[in-house]
Every structure is written in C-alpha cells, then in structure tokens.
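Below is one structure, written out as structure tokens; comments come after it.
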Amino acid sequence: MKVGIDKMGFYVPKFYLDMEDLAHARGVEVDKYKIGIGQHQTALLSPLEDIVTMAIEAAYDIIQDDKDCIDTILLATESAVDFSKSAGNYVHKMLGLGTHVRILEVKQACYAATGALQLACDYVRIQPDKKVLVLSSDVAWYGFDTPGEATQGAGAIALLVSVNPRLAEVHKGTFVTEDLADFYRPTYSEIPIVDGKLSIRCYTSMLQQVDPGIDYVYTCFHLPFASMADKANKALQIPLSKEKVDITKRFGMMIGNIYNGSLFLSLLSVLVYAKEELSNQTIGMYSYGSGAIGEFFSVTIQDGFESVVNRRQLIEKIEHRQAVSFSSYEELMTLFASKERLENFVPTMKYLSDYNRFVIAKIDRGNRIYQAL
Ligand code: HMG
Numbered sequence: 059m060k061v062g063i064d065k066m067g068f069y070v071p072k073f074y075l076d077m078e079d080l081a082h083a084r085g086v087e088v089d090k091y092k093i094g095i096g097q098h099q100t101a102l103l104s105p106l107e108d109i110v111t112m113a114i115e116a117a118y119d120i121i122q123d124d125k126d127c128i129d130t131i132l133l134a135t136e137s138a139v140d141f142s143k144s145a146g147n148y149v150h151k152m153l154g155l156g157t158h159v160r161i162l163e164v165k166q167a168c169y170a171a172t173g174a175l176q177l178a179c180d181y182v183r184i185q186p187d188k189k190v191l192v193l194s195s196d197v198a199w200y201g202f203d204t205p206g207e208a209t210q211g212a213g214a215i216a217l218l219v220s221v222n223p224r225l226a227e228v229h230k231g232t233f234v235t236e237d238l239a240d241f242y243r244p245t246y247s248e249i250p251i252v253d254g255k256l257s258i259r260c261y262t263s264m265l266q267q268v269d270p271g272i273d274y275v276y277t278c279f280h281l282p283f284a285s286m287a288d289k290a291n292k293a294l295q296i297p298l299s300k301e302k303v304d305i306t307k308r309f310g311m312m313i314g315n316i317y318n319g320s321l322f323l324s325l326l327s328v329l330v331y332a333k334e335e336l337s338n339q340t341i342g343m344y345s346y347g348s349g350a351i352g353e354f355f356s357v358t359i360q361d362g363f364e365s366v367v368n369r370r371q372l373i374e375k376i377e378h379r380q381a382v383s384f385s386s387y388e389e390l391m392t393l394f395a396s397k398e399r400l401e402n403f404v405p406t407m408k409y410l411s412d413y414n415r416f417v418i419a420k421i422d423r424g425n426r427i428y429q430a431l
C-alpha cells in the first residue's frame with residue numbers, strides 16, 4: 059500500500075528584509091550574504107502573526123475536502139509559544155476540525171517534521187481510512203548583530219498524509235542520532251546558542267552516514283541558509299549538477315531558514331522549477347535537526363501530481379511580498395521578541411493587510427485568542 063503526502067500547503071509572511079540592507083547596516087560585504095551564505099531575502103513575521111497563524115494559513119486550503127477523516131495533528135516546531143498547551147490546539151479550533159482529533163506538538167530541532175511525517179505514514183498504513191495533518195511552523199530568530207542574523211526566516215508547511223497519496227509516496231528512511239551541542243535553545247533563552255562551524259560539520263557528517271549513494275533525479279536538503287545546499291551536495295557520494303542544486307534552493311534563498319519546514323520548502327522549489335518531468339521520479343530528501351538527528355529518505359512523485367501543486371500560486375506567494383526597511387526590521391523583530399515575554403498583548407494594526415486570513419487578536423493572561431478575517 060502506498061502512503062505519503064496527499065497535499066502540501068505553504069505559508070510565508072508578507073514582509074521581508076533584503077540582505078543588501080542587512081549587509082549595509084552591519085558593515086558586511088553584500089556578497090558575503092548573497093554569495094557566501096546564499097541568502098537574498100529573509101522573511102519577517104508581523105506582530106499579527108505567530109507560529110499558530112502561520113500553521114493555520116498553510117493548512118487551511120488543503121484540508122477543506124478532508125476534514126472528516128483527519129483524526130491526528132502533529133505540529134512540529136522549535137518556536138513553541140507555550141510549555142504545556144500544544145500550538146496545534148489553537149490551530150485545530152481555527153481550522154474547524156471535529157472534536158475527535160489527537161493533537162501533539164513534536165520537537166527535535168529542524169528534524170521534528172520529518173520524524174512526524176514518518177510516524178504519520180506508519181499511522182495511516184494501519185488506519186487507511188484516516189488522514190494525518192503534519193504541520194511545521196517556525197520563526198528562526200538569532201538576535202541582532204549575531205552571525206546567525208543572516209540565516210533567519212519564518213514560515214510554515216502543511217502536509218496532509220494519507221494512503222494512495224496524490225503528491226508523493228514517502229519511503230522509509232535511514233537515520234542516525236547523537237548527543238551534540240551544535241545548536242540548542244535552553245528554556246531561559248530567547249535565542250539559540252550556536253556553534254555555527256560545528257553545526258555545519260555535524261550536518262555534513264550525519265549526511266555522509268545516511269547517504270544511500272543513489273543517483274536521484276534531485277536531492278532536497280534541509281536548508282538553514284541557501285548555500286548549505288552546495289556544501290551538502292559536495293558531501294553526497296553522487297552529487298547533483300550545479301543547475302539542479304540551484305533549483306533546490308530557489309525558495310530558500312528568498313525566505314531563509316524556516317527550521318522544520320526548510321526541507322519541504324526545498325521540495326516545493328523542485329516541484330515548481332524542475333525542468334524535467336517529475337511524475338514517477340524518486341527524489342532524495344536529507345533532514346537534519348541539531349542536537350542531533352540526520353535522516354535520509356526519499357519520495358516518489360505521483361502521476362498527475364500537478365492537480366495538487368499550483369505552481370503559479372506558489373510563485374505568486376513569494377513574488378507578492380513586500381520589502382521593509384532595516385528600521386522596520388528592527389521594529390518587527392523587537393516586537394516579536396517582546397510579545398513572547400508579555401502576559402497580555404494586543405497587536406498593532408499597523409501591519410494588517412488583506413494578505414492575512416487569520417491573525418492573533420490578543421494574548422490574555424498567556425492564553426491566545428485568534429481571529430479569522
Ligand atoms: P559566519 O561565520 O559569519 O560566516 O557565519 P563565514 O565567515 O563562514 O562566511 C560564510 C561564507 O561566506 C564563507 O564561505 C565565506 O568564505 C563566504 P564558505 O567557506 O562557507 O564556503 N564569504 C564571501 N563570499 C563571497 N564574497 C564575500 C565573502 N565573505 C565571506 N565578500 C554561519 C556563517 C552559517 C556559521 C552563521 O550564519 C551561523 O552560525 N548560522 C546559524 C547556524 C547554521 O545555520 N548552521 C547550519 C547547520 S546546522 C542546521 O542546519 C540546523 C539548524 O537549522 C537548527 C535546527 O536544527 O533547529 C540551524
């Protein structure tokens with residue numbers, strides 16, 4: 059029985075900072091960010107958004123015909139807004155799903171969404187009449203004037219997992235785990251503690267331990283920054299051409315690191331920009347989460363996948379965003395950081411636009427109230 063991704067949804071915030079503006083403000087050569095790190099833009103969350111609104115936006119369109127058979131939500135994030143209540147609880151309500159749904163928040167740095175996807179595939183294998191909604195929603199925030207500042211981003215991915223999937227059959231992976239201190243965010247800290255160079259070595263070393271050495275038409279990578287694709291590709295036993303690697307990172311270079319969703323953003327780039335026919339082709343997928351776990355698995359794109367992937371709409375989502383100035387970036391990220399420290403919060407409407415379908419209305423003694431517009 060085939061199991062895998064029936065539909066995939068995606069959300070990126072409306073605002074972004076051009077890396078040229080960040081480079082000028084930090085006194086860094088623009089080429090370091092645009093060529094060395096490979097980032098051209100970085101997505102920025104507005105004060106009306108959080109990981110919950112992004113997850114709702116990513117999932118909303120893809121679940122409309124399947125509300126009755128979704129009985130599980132697995133929300134992968136490392137940007138949790140609560141230590142006890144799952145962000146999926148809020149998402150579940152706003153999506154209008156029934157009460158007989160299990161909800162879990164899953165965490166293992168950027169790897170959790172892949173782990174959740176594999177568990178969801180096993181679940182529908184034994185309960186073929188059910189579908190699982192796997193969500194990833196994250197804000198990568200490293201703090202002002204840090205080396206990681208050039209590798210930030212925000213966004214969400216939704217994967218509807220079922221038997222007989224229309225988009226991609228998911229195959230079992232090979233994984234490796236080790237206790238590493240390359241990147242972690244202890245509960246006392248708003249920003250991660252990162253050893254950037256070590257993290258790149260850990261990422262690459264785990265890739266080499268799980269790489270099956272198969273000549274896939276494409277291999278998609280977890281992309282903490284776009285040029286990580288080039289480093290990862292060099293580490294493969296059978297590397298892709300430069301032209302193909304560039305395709306795997308096209309969305310990533312305009313959005314930045316969305317942590318759990320980054321690998322799936324790379325897959326979306328391939329689905330949108332690949333020049334070759336992808337039906338029945340198998341694509342390699344390398345997932346890495348600091349701390350650390352690396353998994354290599356593959357997906358086989360299904361015949362007729364175009365019926366569930368709207369290329370034009372995906373490109374428009376990226377193209378219709380709005381650049382903000384460096385001072386607005388400072389304002390937005392200061393608001394983001396302070397929001398999570400407040401007991402009560404009402405967002406400024408200054409950043410409201412018709413782009414948002416769901417917003418955070420207020421935080422009331424830590425409880426979050428959302429609103430559909
Ligand atoms: P850095 O140390 O400031 O940068 O930060 P650098 O000095 O290494 O330069 C970067 C690249 O730009 C180098 O190329 C330079 O040569 C080049 P490379 O040697 O890497 O090929 N460069 C230039 N190129 C053209 N023109 C120029 C120029 N100047 C320099 N003028 C670093 C880079 C990525 C370390 C930093 O941004 C960072 O710490 N980021 C966060 C950590 C990270 O992304 N790690 C990646 C692997 S870990 C992972 O993927 C997990 C993660 O997603 C978290 C999770 O799992 O939850 C992060």
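Heads up, the sequence shown is in this note's numbering, so the first residue is 59 and it goes up one at a time.
Even glycine gets a Cβ: it sits at the ideal position worked out from N, Cα and C.
Of the residues the options, which one's Cα is nearest the Cα of residue i?
i      : options                           : result
Gly349 : Leu218, Asn402 and Ile251         : Ile251
Ala212 : Lys60, Thr135 and Asn402          : Thr135
Ala395 : Asp108, Val86, Ile95 and Ala284   : Asp108
Val303 : Ile313, Asn315 and His280         : His280
Arg84  : Tyr428, Ser385, Asn402 and Leu218 : Ser385
Ala226 : Tyr409, Ser104 and Phe322         : Phe322
Met485 : Phe309, Thr358 and Ala290         : There is no way to answer for residue 485, as the model of the chain reaches only from 59 to 431.
Met112 : Val149, Phe283 and Asn315         : Val149
Gly271 : Gly342, Val228 and Pro244         : Gly342
Pro71  : Glu398, Ala381 and Ala287         : Ala381
Tyr331 : Ile316, Gly310, Asn315 and Gly314 : Gly310
Asn425 : Lys408, Met407 and Glu401         : Glu401
Gln176 : Leu372, Lys397, Val192 and Lys92  : Val192
Tyr118 : Leu298, Lys255 and Met152         : Met152
Gln166 : Ile418, Leu132, Ile296 and Ile93  : Leu132
Thr204 : Gly96, Tyr246, Lys292 and Leu80   : Leu80
Ala419 : Tyr91, Ile427 and Arg399          : Ile427
Ile93  : Leu410, Glu115, Pro405 and Ser285 : Ser285
Val110 : Ser137, Lys292 and Asp126         : Ser137
Can you list, in chain order, the residues of its chain with a C-beta nearer than 6 Å to that of residue i? Leave out the 5 residues immediately preceding and following it.
i      : result
Gly206 : Tyr200 and Val252
Tyr169 : Ser345, Gly347 and Ile351
Thr130 : Arg160 and Val190
Asn318 : Ala134, Cys168, Ala170, Ala171, Ser194 and Asp196
Leu294 : Asp269
Ala430 : Phe416
Leu390 : Leu102
Asn315 : Ala198, Thr209, Gly211 and Pro282
Tyr413 : Lys72
Ala174 : Leu132, Ala134, Val164 and Val192
Glu353 : Thr172, Gly231, Phe233 and Ser345
Note down, in chain order, each residue of its chain lying with its Cβ closer than 7 Å to the Cβ of residue i, except the 5 sequence neighbours on either side.
i      : result
Lys333 : none
Ser257 : Asp240, Phe241 and Ser348
Met312 : His98, Gln99 and Ile376
Thr306 : Tyr276, Cys278, Phe279, Ala287, Ser324, Ser327 and Val328
Glu78  : Val88
Is DSSP giving residue i helix, strand or coil here?
i      : result
Asn147 : helix
Met343 : strand
Arg379 : coil
Arg426 : strand
Met77  : helix
Gln210 : coil
Met407 : helix
Gln97  : coil
Tyr169 : coil
Ile272 : coil
Arg308 : helix
Ala117 : helix
Arg183 : helix
Tyr200 : coil
Ser220 : strand
Ser356 : strand
Phe283 : coil
Phe384 : helix
Tyr317 : helix
Ile109 : helix
Leu102 : strand
Glu364 : helix
Hey, does residue i have any beta-carbon neighbour from chain B nearer than 8 Å?
i      : result
Gly271 : Absent from the structure: chain B. Only one protein chain is present.
Identify every residue that forms a DSSP beta bridge with residue i.
i      : result
Met66  : Leu217
Arg160 : Thr130
Thr235 : Ile351
Ser195 : Ala214
Val61  : Val221
Lys420 : Ile427
Ile251 : Tyr242
Thr277 : Gly342
Only counting the same chain, and skipping five residues up and downstream in sequence, which positions put a Cβ closer than 8 Å to that of residue i?
i      : result
Ser337 : Ile359, Gln360, Asp361, Gly362 and Phe363
> Do three or more CB pairs link the region 366–373 to the region 61–77 at distances below 8 Å?
Replying inline: These segments touch.
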